[in-house]
Amino acid sequence: MNEQELRDGLRQVMAVSSQPPTMNPNTALDAARRAHKRRRATWAGAGAGAAVVALAAGTVFALAPSGDSLPIGPAASGPGLAPPSTGAAEADGSTKTSWPNGQVDRTARNGARADTADAVLAALKAAVAPTLAVDEKRTYPNSDAKVTGSQASFEDRAGPDKQEVWQYLVTVAVTSKSAPAGGTGRVMALVYTPGNTYPADVCQLTPKFWGAGGQCETKVVQGKTVGVVAKPEDSRVNTVVGYRYDDGTVVFVAQSKDPDNEEGSPAKGSMATPPLTIDQLAPMVLNPAFKVT
Amino acid sequence: MTDRDTAFADYFAARADAMRRTAYLLCGDWHRAEDLVQVAFTKLYLAWRRVTRHDALDAYARQTLVRTFLSERRLGWFRKESVTGDPADTPISTVGPEDRMVLHAALKQVPPGQRAVLVLRYWEDMSVEETAKTLKCSTGTVKSQAARGLQTLRDLLTDQMTPTFDRKRTS
Chain A
1 MNEQELRDGL RQVMAVSSQP PTMNPNTALD AARRAHKRRR ATWAGAGAGA
51 AVVALAAGTV FALAPSGDSL PIGPAASGPG LAPPSTGAAE ADGSTKTSWP
101 NGQVDRTARN GARADTADAV LAALKAAVAP TLAVDEKRTY PNSDAKVTGS
151 QASFEDRAGP DKQEVWQYLV TVAVTSKSAP AGGTGRVMAL VYTPGNTYPA
201 DVCQLTPKFW GAGGQCETKV VQGKTVGVVA KPEDSRVNTV VGYRYDDGTV
251 VFVAQSKDPD NEEGSPAKGS MATPPLTIDQ LAPMVLNPAF KVT
Chain B
1 MTDRDTAFAD YFAARADAMR RTAYLLCGDW HRAEDLVQVA FTKLYLAWRR
51 VTRHDALDAY ARQTLVRTFL SERRLGWFRK ESVTGDPADT PISTVGPEDR
101 MVLHAALKQV PPGQRAVLVL RYWEDMSVEE TAKTLKCSTG TVKSQAARGL
151 QTLRDLLTDQ MTPTFDRKRT S
């Protein structure tokens, strides 16, 4: 089967399949309105409880020694942290994917690659520490998955020697130290190891973070030229900075004033402005701890 | 009814069936497809004011649908809801290999990530770049997933055709 045969086949599948009656727009609208009301009620409740949470958090910080934290996120391993499953990739032994190191999918959940992702996460936490507090407990909506976490993903094999290309994505949920109740945002670092296909030009490179697009400008930081997209077209991120080392390692750092990628009304716990200024964010892309293999 | 509600209902009426067909190819049965479309449109409604400022409403809706499908797989929702191995509207096993519904049955066995790439590339006719943006991955990943998905399909179709032919010969 080639691409055209699959294309034709899918259209024939749809032609011979008996489709149910058209969905009712009013039913869909009612469900959407209910979800909208639930969201507003949730945030109203969250606002009412914020004072209690702040008191509890203050107590915890007063009692706990600072600086120590457990690695939390998809790549962390441990008896209480079952890795997310991709379902069919594990159940279906017939697939011909050849993930390295005995993995069942792209993600390395333990071992050296996961440790590297954790190290990048630790470096990112340390980098934001002067101005921002890391929220280790924040979870994605309707999920137990923590926002603050790391992921090591196999990307591809490149070149004649089939060099493994890896991607490390780390995210920290952050709040302002000066205004802890001012919402939660995110700072992210995304690293591609050498062998990736990203362009060398930083202003061709930088808009490619998550395909976010936007107008790029160069900026000289510590004697090196980095790319800066101050207004990406993708609303999930507010700023992206990109840099490519001579050996091909690509590092992006990005930030969002939102705590997750959910689209919604503005009042959902977001920060009023992005967590960092461009002058604070840009040097982070050159953090030597992000240049990993 | 507010302006938003009116615009949303109009857009739903215009696009829901097309999105349901894409969802059907992604998940394999019409009931789940309707659920996916409903969830995707609910997310769209919540983001309506922000999204309608852009011209890419269709792309956003499609992206939301595919990500909803993939995230539900990751969260294990699908496995919890699937109380039987074969959903009610799976094509019957006596269908001959010449029937294109065999392709549909095989497609359902392709891993979800590869399946999403195949559906976006060859059903929605999206470019590699558009597919990469929708799935939030690199173009290289799209190419490799498409190639692997096609190979998986070929293997599955070969496996499915052999016993069917055998059954016909012995009947």
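In order, the protein sequence lines correspond to chains A and B.
Quick note: the first sequence, position 63, residue 63 per the UniProt record's numbering, numbers continuous.
Quick note: the second sequence, position 94, residue 94 per the UniProt record's numbering, numbers continuous.
For each residue, glycine too, the CB sits at the ideal point set by N, CA and C.
Please check if any C-beta of chain A sits within less than 9 Å of the C-beta of P97 of chain B.
Here P97 of chain B scores only 42 on pLDDT, less than 50, and its place in the model is too uncertain to base an answer on.
Using a Cβ-Cβ cut-off of 9 Å, state whether S138 of chain B counts as contacting chain A.
yes
Considering only C-alpha positions, which residue in the set A:G242, A:M271, A:V170, A:D247 is nearest to A282 of chain A?
A:G242
Alpha carbon to alpha carbon, how far is D125 of chain B from V102 of chain B? Give it in angstroms, no decimals.
21 Å
C-beta neighbour in chain B for Q151 of chain A, strict 9 Å
no
Is it true that the CB of V292 of chain A sits closer than 9 Å to the CB of A108 of chain A?
no
Residues of chain A with a CB under 7 Å from the CB of T42 of chain B: which are they?
A31, A32, A35
Proximity to T206 of chain A [Cα-Cα], best of A:G102, A:A127, A:N238:
A:N238
Terminal residues of the beta strand (DSSP E) in which A254 of chain A lies:
250-256
Quick check on S17 of chain A: does DSSP put it in helix, strand or coil?
coil
Can you pull the DSSP bridge partners for Q167 of chain A?
A:S153, A:Y192
Here's the rule I'm using: 16 or more other beta-carbon atoms within 10 Å means buried, otherwise exposed. How should S150 of chain A be labelled?
buried
Can you check whether the C-beta of N238 of chain A is within less than 9 Å of a C-beta belonging to chain B?
no
When you compare each of A:D30, A:V253, A:F154, A:K162 to D279 of chain A by their alpha carbons, which one comes out closest?
A:V253
Since A127 of chain A meets chain B, which of its residues come closer than 8 Å, beta carbon to beta carbon?
The premise fails here: A127 of chain A is roughly 24 Å from chain B at the closest Cβ pair, so nothing lies under 8 Å.
Does the beta carbon of L36 of chain B come closer than 9 Å to any beta carbon on chain A?
no
So that I know if they touch, is there some Cβ in chain A lying closer than 9 Å to that of T141 of chain B?
yes
Among B:A146, B:V37, B:T2, which has the Cα closest to the Cα of R33 of chain A?
B:T2
Please state whether DSSP places S178 of chain A in a helix, a strand or coil.
coil
Cβ-based contacts, 7 Å cut-off: residues of the region 198-217 of chain A near chain B:
W210, G211
Beta-carbon of A28 of chain A versus every beta-carbon of chain B: anything under 9 Å?
yes
With 8 Å as the C-beta to C-beta threshold (strictly closer), list the residues of the region 12-27 of chain B near chain A in chain order.
F12, A13, A16, D17, R20, R21, Y24, L25
Which whole-angstrom value is the C-beta distance of L57 of chain B and V37 of chain B, which I expect to be below 8 Å?
Not really, about 15 Å apart at Cβ, beyond 8 Å.
Quick one, are the C-beta atoms of residue 299 of chain A and S270 of chain A less than 9 Å apart?
Because chain A in this structure spans residues 1 to 293, residue 299 of chain A falls outside the shown range and cannot be described.
Give me the DSSP bridge partner(s) of V186 of chain A.
Rather than Val, the amino acid found at residue 186 of chain A in this sequence is Arg. BP columns for R186 of chain A point to A:A173, A:S256.
Starting from L153 of chain B, follow its DSSP beta bridges and name the residues at the other end.
Looking at the DSSP assignment, L153 of chain B forms no beta bridge with any residue, so it has no partner.
Compare the beta carbon distance of N26 of chain A and A40 of chain B with 9 Å and say whether it is the shorter of the two.
no
Can you tell me where the beta strand (DSSP E) holding residue 364 of chain A begins and where it ends?
In the structure as shown, chain A begins at 1 and stops at 293. Residue 364 of chain A is therefore absent and cannot be evaluated.
Just curious, the alpha helix (DSSP H) that E129 of chain B is in, first and last residue?
128-135
Nearest by alpha-carbon distance to Q4 of chain A: which of B:R121, B:R32, B:A116 is it?
B:R121
Rounded to a whole number of angstroms, what is the C-alpha to C-alpha distance between P259 of chain A and W123 of chain B?
34 Å
DSSP three-state call for D10 of chain B: helix, strand or coil?
helix
With a threshold of 8 Å, establish whether the CB of A105 of chain B neighbours any heavy atom of the ligand GDP.
Of the ligands one can find in the structure shown there are none, so the ligand GDP has no counterpart to examine.
Which chain A residues sit within Cβ distance under 8 Å of D5 of chain B?
L29, R33
Classify E217 of chain A as helix, strand or coil using the three-state DSSP reduction.
strand
Examine chain A for any beta-carbon lying closer than 9 Å to the beta-carbon of D58 of chain B, and answer yes or no.
no
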